[in-house]
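Here the structure comes first, spelled out in structure tokens, and everything after it is commentary.
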Amino acid sequence: MPAFARRSLDRVGPAGVREGGLEANAFAGADGRFAEALMRRVAAPLPSRWLSILLRRTLAAQLDTPENVDGADFAAERAWLLLRMGESVAARAVAQSVDNANYTPKLYQVAMNTALATGDPGELCGIADAGLAATHERGWTMAQAMCAALAAEPGRAKTLLAAAKRRNVASGIDYQLAQKVVGAGPDGGQAVTIEWAGVDVLTAWRFGLAIATGVTVPDTLFATTGQQARYWYALSPSVPLGDRVPYAEAAAGQGVLSSAALVDLYGAVDAANDMPSGAAAAANDLRAAYVGNDVDTRLAAMRRLWGGDDKGAEPSYARLVLTARAAGRLPARLGVADARYLVASMLTAGLDRTATRWRPAVEEGGDAWAMIALADPDMTGQLSYRQLSSYVGRGDAALKQRLFFAGLAGRRAGTASRLRCSTVSSARCAPSGWRVRRG
Numbered sequence: 494m495p496a497f498a499r500r501s502l503d504r505v506g507p508a509g510v511r512e513g514g515l516e517a518n519a520f521a522g523a524d525g526r527f528a529e530a531l532m533r534r535v536a537a538p539l540p541s542r543w544l545s546i547l548l549r550r551t552l553a554a555q556l557d558t559p560e561n562v563d564g565a566d567f568a569a570e571r572a573w574l575l576l577r578m579g580e581s582v583a584a585r586a587v588a589q590s591v592d593n594a595n596y597t598p599k600l601y602q603v604a605m606n607t608a609l610a611t612g613d614p615g616e617l618c619g620i621a622d623a624g625l626a627a628t629h630e631r632g633w634t635m636a637q638a639m640c641a642a643l644a645a646e647p648g649r650a651k652t653l654l655a656a657a658k659r660r661n662v663a664s665g666i667d668y669q670l671a672q673k674v675v676g677a678g679p680d681g682g683q684a685v686t687i688e689w690a691g692v693d694v695l696t697a698w699r700f701g702l703a704i705a706t707g708v709t710v711p712d713t714l715f716a717t718t719g720q721q722a723r724y725w726y727a728l729s730p731s732v733p734l735g736d737r738v739p740y741a742e743a744a745a746g747q748g749v750l751s752s753a754a755l756v757d758l759y760g761a762v763d764a765a766n767d768m769p770s771g772a773a774a775a776a777n778d779l780r781a782a783y784v785g786n787d788v789d790t791r792l793a794a795m796r797r798l799w800g801g802d803d804k805g806a807e808p809s810y811a812r813l814v815l816t817a818r819a820a821g822r823l824p825a826r827l828g829v830a831d832a833r834y835l836v837a838s839m840l841t842a843g844l845d846r847t848a849t850r851w852r853p854a855v856e857e858g859g860d861a862w863a864m865i866a867l868a869d870p871d872m873t874g875q876l877s878y879r880q881l882s883s884y885v886g887r888g889d890a891a892l893k894q895r896l897f898f899a900g901l902a903g904r905r906a907g908t909a910s911r912l913r914c915s916t917v918s919s920a921r922c923a924p925s926g927w928r929v930r931r932g
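Under this note's numbering, residues 494 to 932 are what the sequence shown spells out, in order.
Rendered as structure tokens:
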């Protein structure tokens, strides 16, 4: 590679500030060894959709490599955490932000997993020989055979595959899936039938090669691995649309897919034929939620999407994500029984100012009122202790009051220079700009 085309390890990552990434100096002053250890210890997927989105934007950014770490190893840790979060596409982009000549054993290991998570064994072909030399892992031996087949060298591919079998590099379904990839190459000349009977664990190898060759992964096997495999499945364009829908909803609830992406998916379902009945019905309801003849029709469609037949059930978070922009198109009006769901739905997509239009239309002390108070970016002034204590919402009122107060404190923490403490009745503290007053 000519010198002018080589990328430095001093700054690694696919997304600049314009693409939503953080500033390059996000880790300025940090010890890279501590940052790597912290990333390894993060239990992913994360419990918060917005936290997951922010962490993805951080990890996928063009970042200056912190002190005391190799840039390729730091990229490997970032990509590995993204994979565990379910962000297979972002993880692959981070791994590919390093020139092949600069790969380390750690990055080779992670690159293998990003290729499998995205169902793209061809991604391994540029680094298969070097990966085997650096790591001596069996997967790279199989990758050499698959890449020979994809390079239209069927004879060499079959020779490598046979040698791997003799050395017991892979067996059973792991070998058969690699054999199927080889058979899919030009002049592969072999058809392999994959039987999942007796397979009790879904590994990254099995997932990736099954997706790459169009083999359906049994739903039961997803229960044997982490949630992130479902999100990889949702992001894979080779998975049939109808099969992808339930996994896409889970991915949207986690933040791997945006509200707009989930709406687009259901738009494709609506335009397609022979879709599963549940997905087709949801697509019809979503269309009605956007373009119904009147407000009541659109509200009724959203209630069906939220599971309106079960009066006692709360909507799934993914369905609130799905209806976010449809909810934002409704005019604010008094007396809407599901206002709390409308406000919550808008906030899942970050439509905070749109949600605040409902402030005059919701009852003080309810969930919708509390969510608006927490989310309104323009609100200043005071909340009285009476207002705070009047919040009950649904569920555990005492717990919700404490969480509400903590949320008010947290949203102002970035601008408050200190905490002001009231001396009335008892010591009650609130951050600057959000004084809690008696009355």
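Glycine is no exception: its CB is placed at the ideal position from the N, C-alpha and C atoms.
- DSSP places residue 770 within a helical segment (H, G or I) once states are collapsed to three.
- Taking every protein chain shown into account, the CB of residue 784 has fewer than 16 other CB atoms within 10 angstroms, so this residue is exposed.
- Secondary structure of residue 505 (DSSP, three-state): strand.
- CA-CA distance, residue 578 to residue 721, rounds to 6 angstroms.
- Rounded to the nearest whole angstrom, the CA to CA distance from residue 866 to residue 872 is 8 angstroms.
- When secondary structure is reduced to three states using DSSP, residue 519 falls in the coil class, being assigned neither helix nor strand.
- Setting aside the 5 residues that flank it on each side, residue 717 is surrounded in the same chain by 693, 694 and 695, each with a C-beta closer than 8 angstroms to its C-beta; the list follows chain order.
- Excluding residues up to 5 positions away in sequence, 734 lie with their Cβ nearer than 7 angstroms to the Cβ of residue 765 in the same chain.
- Non-local beta-carbon contacts of residue 812 in its own chain, meaning distances under 6 angstroms to residues more than five positions away in sequence, involve 798 and 799 in chain order.
- Within a 10 Å sphere around the beta-carbon of residue 745 sit 16 or more other beta-carbons, which makes this residue buried.
- Distance from the CA atom of residue 592 to the CA atom of residue 601, rounded to whole angstroms, is 12 angstroms.
- Separation of residue 604 and residue 513 (C-alpha to C-alpha, rounded to the nearest whole angstrom) is 23 angstroms.
- Residue 665 is classed as exposed because its beta carbon has fewer than 16 other beta carbons within 10 Å across all chains shown.
- Listed in chain order, the non-local C-beta contacts of residue 554 below 6 angstroms within the same chain comprise 506, 508, 514 and 515, local neighbours out to five positions each way being set aside.
- In the three-state reduction of the DSSP assignment, residue 874 falls in the strand class.
- Taking C-beta atoms as the reference points, residue 585 and residue 611 count as a pair closer than 9 angstroms.
- A Cβ-Cβ distance of about 16 angstroms is found for the pair residue 704 and residue 675, leaving them out of contact under the 8 angstroms criterion.
- The beta strand (DSSP E) runs lying completely inside the region 569 to 657 and spanning 3 residues or more number zero.
- Nearest neighbour of residue 583 by Cα position, chosen from 870, 596, 549 and 682, turns out to be 549.
- For residue 530, the uninterrupted alpha helix (DSSP H) segment begins and ends at 525 to 534.
- Note that the region 646 to 654 touches the region 668 to 682; at least 3 beta-carbon pairs, one per stretch, sit closer than 8 angstroms.
- Counting every other CB atom within 10 Å of its CB across the protein chains shown gives residue 503 a total below 16, marking it as exposed.
- Between the region 854 to 868 and the region 879 to 895 there are three or more inter-stretch CB-CB distances shorter than 8 angstroms, so the stretches are counted as touching.
- Taking C-beta atoms under 8 angstroms as the contact rule, residue 779 and residue 756 qualify, at a distance of about 7 angstroms.
- Between the beta-carbon of residue 724 and that of residue 743 there is about 7 angstroms, and that keeps the pair under the 8 angstroms contact cut.
- Exposure of residue 501 is indicated by the presence of fewer than 16 other C-beta atoms within 10 angstroms of its C-beta.
- Beyond the five residues adjoining it in sequence on each side, residue 842 comes within less than 6 angstroms, by CB distance, of 752 and 817 in the same chain, given in chain order.
- For residue 699 and residue 715, the gap between their C-alpha atoms comes out near 11 angstroms.
- In the assembly as shown, residue 642 is a buried residue. Its beta-carbon has 16 or more other beta-carbons within 10 Å.
- Residue state for residue 831 is assigned as coil, using DSSP reduced to three classes.
- When the Cα atoms are used, residue 681 and residue 624 turn out to be separated by approximately 24 angstroms.
- When DSSP reads this structure, residue 560 sits in a beta bridge with 524.
- Residue pairing by DSSP puts residue 554 in a beta bridge opposite 508.
- Scanning 875, 830, 877 and 874 for the CA closest to the CA of residue 854 turns up 830.
- Closest option to residue 627, judged by alpha-carbon separation, among 594, 639 and 758: 594.
- When rounded, the separation of the alpha-carbon atoms in residue 876 and residue 903 is 15 angstroms.
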